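A.B. asks:
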Amino acid sequence: MTPSPAIAHTVAVTDESFDRDVLDSPGVVLVDFWAPRCPSCKMLAPVLAEVARERADTVTVRTLDTDENPLTTRDFQIMAAPTLLLFRDGRLLRTLVGARSKARLLAELDDALHR
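The sequence shown begins at -8 in our numbering and counts up by one.
This is the structure in structure tokens:
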């Protein structure tokens, strides 16, 4: 795994590493499907960096460049960037499409994790 060029405090995953780094990972993993040409992705990046830093003990944040990883993008039917997928123990809990504020993202994460 390599540090993500998009977001500090996160690690980029690829088509090759997605199963190992997300689906086979215990605990909670939030994956940001982003694209380099996406203005909303750039707006969301600092929010995700803060969440990754502040929630490091409970949520692992990963990023996936949709341009460079078409197989995983296709497999999860990602139609827009940014799209966030929230997994717990490899099971998809929630899909969030579009940029959002930190407060909104944290509320959505807490809601999904406490159901």
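Heads up, the beta-carbon is just placed ideally off N, CA and C, and yes, glycines get one too. Remember, it's a predicted structure, so these values are computed and weren't measured experimentally.
Quick check: the Cα distance between Lys93 and Leu35, rounded to an integer number of angstroms?
C.D. replies: The residue you call residue 93 lines up with position 102 of the sequence shown. The residue you call residue 35 lines up with position 44 of the sequence shown. Lys93 and Leu35: Cα-Cα distance of roughly 9 Å.
A.B. asks: Please look up how many angstroms separate the CB atoms of Val13 and Val22, rounded, as I've assumed it's under 8 Å.
C.D. replies: Residue mapping note: residue 13 aligns to position 22 of the sequence shown, counting from 1. Residue mapping note: residue 22 aligns to position 31 of the sequence shown, counting from 1. About 6 Å separates the beta carbon of Val13 from that of Val22, a gap short enough to meet the 8 Å contact definition.
A.B. asks: For Thr57, which residues from the same chain have a beta carbon less than 7 Å from its beta carbon, with the 5 sequence-adjacent residues on both sides left out?
C.D. replies: For the purposes of this step, residue 57 is taken as residue 66 along the sequence shown, with counting starting at 1. Result list for Thr57: Phe24, Trp25, Ala26, Thr64, Ile69, Ala72, in chain order.
A.B. asks: Confirm, please, whether the CB-CB distance from Val50 to Leu100 is below 8 Å.
C.D. replies: The residue labelled residue 100 in the question sits at position 109 within the sequence shown. The residue labelled residue 50 in the question sits at position 59 within the sequence shown. Cβ atoms of Leu100 and Val50: closer than 8 Å.
A.B. asks: Are the beta-carbon atoms belonging to Arg91 and Ala103 less than 8 Å from one another?
C.D. replies: Residue 91 sits at position 100 when you count from the first residue of the sequence shown. Residue 103 sits at position 112 when you count from the first residue of the sequence shown. Cβ distance not < 8 Å, so Arg91 and Ala103 don't count as in contact.
A.B. asks: So Leu62 and Asp10 are in contact, right, with Cβ under 8 Å, and what is the actual spacing, rounded?
C.D. replies: Position 71 of the sequence shown holds residue 62. Position 19 of the sequence shown holds residue 10. Distance from Leu62 to Asp10 at the Cβ level is roughly 11 Å; contact not present, criterion being Cβ atoms closer than 8 Å.
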